[in-house]
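Please read the structure below before turning to the comments.
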Amino acid sequence: MLDHIIIGRYIPGNSYIHQMDPRAKLNCIMIFMVFIFVSKHPAVTAIAFVLAAAAFILAKIPFRFYLKGMKVIAIIIFFTFCLHLFMTEGGPVLLQTPVTTIYLGGLTEGLIVALRLLMLVTMASLITLTTTPVDLTDGLEALLKPFQKLGLPTHELALMMSIALRFIPTLLEEAVKIYKAQMARGANFTEGSLLKRIKAFIPILVPLFVQSFRRAEDLATAMEARGYEGGDSRTKYRLLRWKRRDTAAVAVFAAFAVLTVCVRLFL
Amino acid sequence: MQIKADNVTYTYMRGTPFEKNGLTALQAEIPENSYTAVIGHTGSGKSTFVQLLNGLLKPTAGSIQVGDWMIASDTKQKQLYDLRRQVGMVFQYPEHQLFHETVIEDVAYGPINFGLSKKAALQKAEEALSMVGISERLFDRSPFDLSGGQMRRVAIAGVLANDPCLLVLDEPTAGLDPQGQQEIMSLFERWYQADDRRSVVLVTHRMEDAAAYSDQIVVMDHGTVKLAGTPYEVFSQQELLTQSGLDVPETVRLLQKLAAASHEPIDALKFHLRETVDEIISFLGKES
Ligand SMILES: Nc1ncnc2c1ncn2[C@@H]1O[C@H](COP(=O)(O)OP(=O)(O)O)[C@@H](O)[C@H]1O
Ligand SMILES: [Mg+2]
Numbered sequence: 001m002l003d004h005i006i007i008g009r010y011i012p013g014n015s016y017i018h019q020m021d022p023r024a025k026l027n028c029i030m031i032f033m034v035f036i037f038v039s040k041h042p043a044v045t046a047i048a049f050v051l052a053a054a055a056f057i058l059a060k061i062p063f064r065f066y067l068k069g070m071k072v073i074a075i076i077i078f079f080t081f082c083l084h085l086f087m088t089e090g091g092p093v094l095l096q097t098p099v100t101t102i103y104l105g106g107l108t109e110g111l112i113v114a115l116r117l118l119m120l121v122t123m124a125s126l127i128t129l130t131t132t133p134v135d136l137t138d139g140l141e142a143l144l145k146p147f148q149k150l151g152l153p154t155h156e157l158a159l160m161m162s163i164a165l166r167f168i169p170t171l172l173e174e175a176v177k178i179y180k181a182q183m184a185r186g187a188n189f190t191e192g193s194l195l196k197r198i199k200a201f202i203p204i205l206v207p208l209f210v211q212s213f214r215r216a217e218d219l220a221t222a223m224e225a226r227g228y229e230g231g232d233s234r235t236k237y238r239l240l241r242w243k244r245r246d247t248a249a250v251a252v253f254a255a256f257a258v259l260t261v262c263v264r265l266f267l
Numbered sequence: 001m002q003i004k005a006d007n008v009t010y011t012y013m014r015g016t017p018f019e020k021n022g023l024t025a026l027q028a029e030i031p032e033n034s035y036t037a038v039i040g041h042t043g044s045g046k047s048t049f050v051q052l053l054n055g056l057l058k059p060t061a062g063s064i065q066v067g068d069w070m071i072a073s074d075t076k077q078k079q080l081y082d083l084r085r086q087v088g089m090v091f092q093y094p095e096h097q098l099f100h101e102t103v104i105e106d107v108a109y110g111p112i113n114f115g116l117s118k119k120a121a122l123q124k125a126e127e128a129l130s131m132v133g134i135s136e137r138l139f140d141r142s143p144f145d146l147s148g149g150q151m152r153r154v155a156i157a158g159v160l161a162n163d164p165c166l167l168v169l170d171e172p173t174a175g176l177d178p179q180g181q182q183e184i185m186s187l188f189e190r191w192y193q194a195d196d197r198r199s200v201v202l203v204t205h206r207m208e209d210a211a212a213y214s215d216q217i218v219v220m221d222h223g224t225v226k227l228a229g230t231p232y233e234v235f236s237q238q239e240l241l242t243q244s245g246l247d248v249p250e251t252v253r254l255l256q257k258l259a260a261a262s263h264e265p266i267d268a269l270k271f272h273l274r275e276t277v278d279e280i281i282s283f284l285g286k287e288s
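Heads up: the sequence lines are chains A and B, in that order.
Position 15 (the first sequence) corresponds to 15 in UniProt numbering; numbering is contiguous.
Position 38 (the second sequence) corresponds to 38 in UniProt numbering; numbering is contiguous.
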């Protein structure tokens, strides 16, 4: 049931994207996420789409796997699309019914918003799909370094993030186990009123919380027992290395950023 | 309930890069009203197999018959609801499924789900709790305040309260101390003996338990059944067991060592302590 969740999952591989420096990947993503909102021009959306598609193809993620993982997100995207389609007024009328009127503006607005959402989710998934949690943490920590001077506990933040990522699959596994155990005791998650169905999840959520707290405590004890201490005195076994491909990728996304600003200012 | 698995294949994470076969063309038959042990190395597919028995997993290919139910890849969840009332399932670390505010309500969760009135369900819960040896003064306590062993008992009571006719146990004694293991195992034995329409399928990696309690043994290896039969038949195939990374029970090993050291013919296939002691005494008698 939860086999196809792709958030937080790493797929081993050797693609162009896999081999990129995590700092480069994070930079690209951040640029993409910020500048895609600068302009609503169809050309910008189209170019962003080309970038996202290229990144996806270069990452060599099995397409069928990706599609299945997107199922739940597709529902959200479709809902957003409909919302914009029916709510936006402007441009020539496409369809007139007694209930609603659909304008061309609504259609384009809906398409652009849906595409944006799809691209954002895809790009964000690409990061975890192609980066090991360790690399991701190192990358985050490196990027947050400048904020350390302001008193931000960057190492601890990065560690927290990586622990969270590390435990997503564990939690899912645990959830499936408890789900099965309650199913075996006659739990029914698919019938009855909405309230009844929501209530049916309590027997899953309570044990899941209890387990998570216990796990967190165990982890803290284990780390303390081994004298874990973050901060500057801690050295790294694996060092990040920035290569030419990283510069190239960041350059492409920087160009995209410049382009969006130009479109916004001059078109 | 009679169980018949016909060419069952189960694939985990189908359609993902992590695809993996849990079972491969498994063929198995378990007679009615029997106590069957499923043994095998870690990852041999034991847990996957037993989850098919109440439709928690459905075969990717092939079909499995459990009592009157036929489960194949296209069986609907709705049809499995009645099956789940008949098949009780105790998972590894069952105490992880506790959630209610009080012990008694947690145990009554299953009976209520299966359509009993609140009053009848609480009645069932009381019976089940007294069967597993939880005293009445704990009924209104939070299950999270109990000791590990007590929590396990409450969780088991939550399964027994449904009055299943097939009880599936997936390593039910994992993580308990030897005495706790013994107590839980004899609890299941008592449950099994109390009614001759009851069946048990026990997944275990303790050969001693398989030998002492079961009348049928299924040996699994790499997602298929490697060997099946009575404990006597199975444990006399020591070579096949070793190939699957398994051993014979301690009692058998002891008598084998005695036979090897003394060069006397000794029947090593004794599975109960009593029989083993008798065998040793008769050996000592011959000696003197
Ligand atoms: N949720 C799962 N996802 C992917 N593979 C699994 C999952 N559960 C079990 N497997 C795989 O299926 C095989 C059989 O596992 P399992 O039935 O749990 O064996 P056992 O209970 O005998 O240790 C193993 O190789 C295991 O790695
Ligand atoms: Mg198992």
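Don't be surprised by glycine CBs; every beta carbon is placed ideally from N, CA and C.
Predicted, not measured: the structure shown is a model, and the values here were computed from it.
Review point. CB of B/Lys46 to nearest heavy atom of ligand 2: below 7 Å?
Key: For the purposes of this step, residue 46 of chain B is taken as residue 46 along the second sequence, with counting starting at 1. Yes.
Check your understanding: Should A/Lys243 go down as buried or exposed, given a rule of 16 or more other Cβ atoms within 10 Å for buried?
Key -> Numbered from its first residue, the first sequence carries residue 243 of chain A at position 243. Exposed: under 16 other Cβ atoms inside 10 Å.
Review point. How would you list, in chain order, the residues of chain B whose beta-carbon sits under 8 Å from the beta-carbon of A/Lys177?
Key: The sequence position of residue 177 of chain A within the first sequence is 177, counting from 1. Neighbours of A/Lys177 on chain B, chain order: Phe91 and His96.
Exercise for review: Check each candidate in A/Tyr66, A/Ala74 and A/Thr137 and name the one with the smallest Cα separation from A/Leu165.
Suggested key: Within the first sequence, the letter at position 165 stands for residue 165 of chain A. For the residues A/Tyr66, A/Ala74 and A/Thr137, the minimum Cα distance to A/Leu165 belongs to A/Thr137.
Review point. What residues from chain B crowd round A/Thr190, counting only those whose CB sits closer than 9 Å?
Key: Position 190 of the first sequence holds residue 190 of chain A. In chain order: Gln77 and Lys78.
Review point. Just checking, does the region 162–172 of chain B make contact with the region 191–206 of chain B on the three C-beta pairs under 8 Å criterion?
Key: yes
**Study point:** Delimiting residues of the beta strand (DSSP E) encompassing B/Thr224
**Key:** As a first step, residue 224 of chain B must be located in the second sequence, where it is residue number 224. First-last of the beta strand (DSSP E) with B/Thr224: Thr224 to Gly229.
Point to revise | Sequence-distant residues of the same chain with beta carbon closer than 7 Å to B/Gln238, five excluded per side | key: The residue labelled residue 238 of chain B in the question sits at position 238 within the second sequence. These residues qualify, in order along the chain: Val248.
Review point. Which whole-angstrom value is the C-beta distance of B/Ile112 and B/Leu129, which I expect to be below 8 Å?
Key: On the second sequence, residue 112 of chain B is found 112 positions in, with the first residue counted as 1. On the second sequence, residue 129 of chain B is found 129 positions in, with the first residue counted as 1. Contact doesn't hold; Cβ gap of about 15 Å is too wide.
Practice item. Compare the C-beta of A/Lys71 with all C-beta atoms of chain B and state if any pair is closer than 8 Å. Key: Reading the first sequence from its first residue, position 71 is the one you call residue 71 of chain A. No, A/Lys71 does not count as interfacial toward chain B.
Exercise for review: Under 7 Å between beta-carbons, which chain B residues line up against A/Ile127? List them in chain order, please.
Suggested key: If you number the first sequence from 1, residue 127 of chain A lands on position 127. Simply none; closest approach about 17 Å.
Exercise for review: Entirely within the region 38–108 of chain B and at least 4 residues each: give me those alpha helix (DSSP H) ranges in chain order.
Suggested key: 46–52 and 77–86
Practice item. Report the option in A/Ala43, A/Thr97, A/Leu51 and A/Ile76 whose CA atom is closest to the CA atom of A/Cys262. Key: Here the question's residue 262 of chain A lines up with position 262 in the first sequence. The shortest Cα separation from A/Cys262 among A/Ala43, A/Thr97, A/Leu51 and A/Ile76 belongs to A/Ala43.
Exercise for review: Please compile the residues from chain B whose C-beta is within a distance smaller than 9 Å of the C-beta of A/Gly186.
Suggested key: Residue numbering aside, residue 186 of chain A sits at position 186 when the first sequence is read from its first letter. In chain order: Tyr81, Arg84, Arg85, Tyr109, Gly110, Pro111, Ile112, Asn113, Phe114, Gly115 and Asn162.
Review point. For A/Val99, which three-state DSSP category applies?
Key: For the purposes of this step, residue 99 of chain A is taken as residue 99 along the first sequence, with counting starting at 1. DSSP places A/Val99 in coil when its eight states are reduced to three.
Review point. Is the Cβ-Cβ distance between A/Met123 and A/Ala55 less than 8 Å?
Key: Here residue 123 of chain A corresponds to residue number 123 of the first sequence, with the count starting at 1. Here residue 55 of chain A corresponds to residue number 55 of the first sequence, with the count starting at 1. Yes, the pair counts as a contact, with Cβ atoms nearer than the cut-off.
Practice item. Measure the alpha-carbon distance for B/Ala174 versus B/Ala37 and round it to whole angstroms. Key: The count along the second sequence starts at 1 and reaches residue 174 of chain B at position 174. The count along the second sequence starts at 1 and reaches residue 37 of chain B at position 37. Taking the straight line joining both Cα atoms gives about 15 Å.
Review point. When DSSP builds the beta bridges, which residues end up paired with B/Ile217?
Key: Sequence index remark: in the second sequence, residue 217 of chain B carries index 217 (1-based). Paired residue(s): B/Ala37 and B/Gly229.
Review point. So does B/Thr42 have its beta carbon nearer than 7 Å to some heavy atom of ligand 1?
Key: Here residue 42 of chain B refers to the residue found at position 42 when the second sequence is read from its first residue. Yes - ligand 1 has a heavy atom lying nearer than 7 Å to the Cβ of B/Thr42.
Exercise for review: Compare the Cα-Cα distances from A/His84 to each of A/Ile75, A/Lys68, A/Tyr103 and A/Thr97 and report the closest residue.
Suggested key: The residue given as residue 84 of chain A occupies position 84 in the first sequence. That would be A/Tyr103, whose Cα lies nearest to the Cα of A/His84.
Review point. Taking Cβ positions, are A/Ala187 and A/Ala175 nearer each other than 8 Å?
Key: Along the first sequence, read from residue 1 onward, the residue named residue 187 of chain A stands at position 187. Along the first sequence, read from residue 1 onward, the residue named residue 175 of chain A stands at position 175. Cβ distance not < 8 Å, so A/Ala187 and A/Ala175 don't count as in contact.
Point to revise | Contacts around A/Leu219, its chain only, beta-carbon distance under 8 Å, and the 5 residues preceding and following it disregarded | key: Along the first sequence, one-based indexing puts residue 219 of chain A at 219. Excluding sequence neighbours, A/Leu219 sits near Ile163.
Exercise for review: Could you tell me the distance, in whole angstroms, from the CA atom of A/Ser193 to the CA atom of A/Ile202?
Suggested key: As a first step, residue 193 of chain A is located in the first sequence; it is residue number 193 there, counting from the start. As a first step, residue 202 of chain A is located in the first sequence; it is residue number 202 there, counting from the start. If you take the alpha carbons of A/Ser193 and A/Ile202, they lie about 15 Å apart.
Review point. Would B/Asn7 count as contacting chain A if we go by Cβ distances under 8 Å?
Key: Within the second sequence, the letter at position 7 stands for residue 7 of chain B. No - not a single Cβ of chain A is within 8 Å of the one on B/Asn7.
**Study point:** Burial state of B/Arg274, where buried means 16 or more other Cβ atoms lie within 10 Å
**Key:** Within the second sequence, residue 274 of chain B is the residue found at index 274, counting from 1. Exposed.
Check your understanding: Is A/Gln211 helix, strand or coil by DSSP?
Key -> The count along the first sequence starts at 1 and reaches residue 211 of chain A at position 211. Three-state DSSP puts A/Gln211 in a helix.
Practice item. Kindly say whether A/Phe167, judged by its beta-carbon, lies nearer than 8 Å to any beta-carbon of chain B. Key: Translated into the one-based positions of the first sequence, residue 167 of chain A becomes position 167. Output row for A/Phe167: interface = no.
Check your understanding: When you compare only the Cα positions, how much space is there between B/Gly245 and A/Ala48?
Key -> Within the second sequence, residue 245 of chain B is the residue found at index 245, counting from 1. Within the first sequence, residue 48 of chain A is the residue found at index 48, counting from 1. Approximately 55 Å between the Cα atoms of the pair.
**Study point:** heavy atom of ligand 2 below 7 Å from B/Asp140 C-beta
**Key:** Position 140 of the second sequence, counting from 1, holds the residue named residue 140 of chain B. No - ligand 2 has no heavy atom lying nearer than 7 Å to the Cβ of B/Asp140.
Point to revise | Chain-ordered neighbours of B/Pro17 on chain A, where CB pairs are closer than 7 Å | key: Within the second sequence, residue 17 of chain B is the residue found at index 17, counting from 1. By Cβ distance, chain A contributes Ile11, Pro62 and Phe65.
Point to revise | Closer than 8 Å to chain B by CB, A/Gln182 | key: Here the question's residue 182 of chain A lines up with position 182 in the first sequence. Taking Cβ atoms only, chain B reaches closer than 8 Å to A/Gln182, which makes this a yes.
Review point. From what residue to what residue does the beta strand (DSSP E) around A/Glu174 run?
Key: Sequence index remark: in the first sequence, residue 174 of chain A carries index 174 (1-based). Careful: A/Glu174 lies outside any beta strand (DSSP E), inside the alpha helix (DSSP H) at Thr154 to Ala184.
Exercise for review: In angstroms with no decimal places, state the Cα-to-Cα distance between A/Gly230 and A/Ala254.
Suggested key: As a position in the first sequence, residue 230 of chain A is number 230, starting the count at 1. As a position in the first sequence, residue 254 of chain A is number 254, starting the count at 1. About 33 Å.
Review point. With a cut-off of 8 Å, does the C-beta of A/Gln19 fall near any C-beta of chain B?
Key: As a working note, residue 19 of chain A is residue 19 in the first sequence. No, because no Cβ of chain B sits closer than 8 Å to the Cβ of A/Gln19.
**Study point:** heavy atom of ligand 1 below 7 Å from B/Lys20 C-beta
**Key:** Here the question's residue 20 of chain B lines up with position 20 in the second sequence. Indeed, a heavy atom of ligand 1 lies less than 7 Å from the Cβ.
Check your understanding: Under 7 Å Cβ-Cβ, which residues of chain A neighbour B/Leu56?
Key -> Within the second sequence, numbered from 1, the residue matching residue 56 of chain B stands at position 56. By Cβ distance, chain A contributes Lys180, Met183 and Ala184.
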